[in-house]
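Participant: Numbering (full-length UniProt numbering), first residue to last: 1 to 161.
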Amino acid sequence: MRTARGFTLLEVLVALAVVAIALTAVLANSGTTVSQAAQLRDTSIAQWVAENRIAELRLEGAWPSTGRTEGNEDMAGREWHWTMEVENTQDDDLRRIQVRVRTDRDAEGSVATVLGFIGRPQEIQGIPRFIPSVPPDPDYDPDEDNGGGTPPPPPTGGRSR
């Protein structure tokens with residue numbers, strides 16, 4: 001009598017059950033990965049929005065007044081709502097800036113929060129904003145100094161290494 005070759009129905013069902021459990025775990029893990037990637041993308045873009053807001057405030061060159069301001073900014077194909085709070089610090093020449101960014105104006109939580117500081121512009125303190133450079137020495141000639149503008153030799157004397 002010949003024995004039949006192949007798998008029994010029970011062996012096939014057990015194998016399918018093992019494959020189904022493994023695929024379920026893989027699909028659940030990939031769904032989590034996609035969700036985390038989307039959250040990371042949103043957090044990164046929200047941080048850029050907040051950092052841009054602080055950079056724009058610094059570039060204005062004005063001393064910001066304390067208080068809260070709100071606005072919207074389009075970035076990466078989405079509209080982001082930001083809230084900026086400017087507060088005094090213990091140093092009279094320094095202000096604290098906190099920018100919270102969220103995707104919806106009515107949302108309670110923020111996607112990202114960035115903290116920065118801005119110093120009082122120098123001209124307010126009585127210091128010129130741009131310090132003029134020292135005028136060049138009219139008697140300096142690079143062709144006469146050390147053979148065509150090469151640096152001078154190291155000083156002699158003292159300790160040598």
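Note that beta-carbon positions come from the ideal geometry of N, C-alpha and C, so glycine has one too. Fair warning: this is a prediction, and the values are worked out from it, not measured in the lab.
From E85 to A28, what distance separates their C-alpha atoms?
Facilitator: As a position in the sequence shown, residue 85 is number 85, starting the count at 1. As a position in the sequence shown, residue 28 is number 28, starting the count at 1. The straight-line gap from Cα to Cα measures roughly 41 Å.
Participant: With distances taken between CB atoms, is the gap from H81 to N88 smaller than 8 Å?
Facilitator: To locate residue 81, count along the sequence shown from 1; it is residue 81. To locate residue 88, count along the sequence shown from 1; it is residue 88. Cβ atoms of H81 and N88: not closer than 8 Å.
Participant: Can you give me the C-alpha to C-alpha distance between Q78 and A15, rounded to a whole angstrom?
Facilitator: On the sequence shown, position 78 is the one that residue 78 refers to. On the sequence shown, position 15 is the one that residue 15 refers to. The sequence as given places Arg at residue 78; Gln does not occur at that position. Taking the straight line from one Cα to the other gives about 47 Å.
Participant: Alpha carbon to alpha carbon, how far is R95 from S35? Give it in angstroms, no decimals.
Facilitator: Here residue 35 refers to the residue found at position 35 of the sequence shown. Here residue 95 refers to the residue found at position 95 of the sequence shown. Each residue's Cα considered, the two are about 37 Å apart.
Participant: Pick out whichever of T32, V49 and T8 has its Cα sitting closest to the Cα of V99.
Facilitator: Your numbering for residue 99 matches position 99 in the sequence shown. Per the Cα distances, V49.
Participant: Once the 5 residues before and after T113 are set aside, which same chain residues still bring their CB inside 8 Å of it?
Facilitator: Walking along the sequence shown from the start, residue 113 turns up at place 113. Counting only Cβ-Cβ distances below 8 Å, and skipping sequence neighbours, we find A50, Q98, V99, R100 and V101.
Participant: Express the C-alpha separation of A17 and F7 in angstroms, rounding to a whole number.
Facilitator: As a working mapping, residue 7 is identified with position 7 in the sequence shown. As a working mapping, residue 17 is identified with position 17 in the sequence shown. Cα-Cα distance, rounded: 15 Å.
Participant: Relative to the C-alpha of T43, which candidate in M75, L23 and E70 has its C-alpha closest?
Facilitator: Sequence index remark: in the sequence shown, residue 43 carries index 43 (1-based). Measuring from the Cα of T43, the nearest candidate turns out to be M75.
Participant: In whole angstroms, what separates the C-alpha of A107 from that of Q47?
Facilitator: For the purposes of this step, residue 107 is identified with residue 107 of the sequence shown, where counting begins at 1. For the purposes of this step, residue 47 is identified with residue 47 of the sequence shown, where counting begins at 1. Cα to Cα, A107 sits roughly 17 Å from Q47.
Participant: Run through the DSSP bridge pairs and tell me what W80 is partnered with.
Facilitator: Start at 1 with the first residue of the sequence shown, and residue 80 comes out as number 80. In the DSSP output, where bridge partners are listed per residue, W80 has E73.
Participant: How far does the beta strand (DSSP E) with V111 in it extend, from its first residue to its last?
Facilitator: Position 111 of the sequence shown holds residue 111. No beta strand (DSSP E) holds V111; DSSP gives it neither H nor E.
Participant: Is it buried or exposed for R5, if we count other Cβ within 10 angstroms and need 16 for buried?
Facilitator: Looking up residue 5 in the sequence shown gives position 5. Under this definition R5 is an exposed residue.
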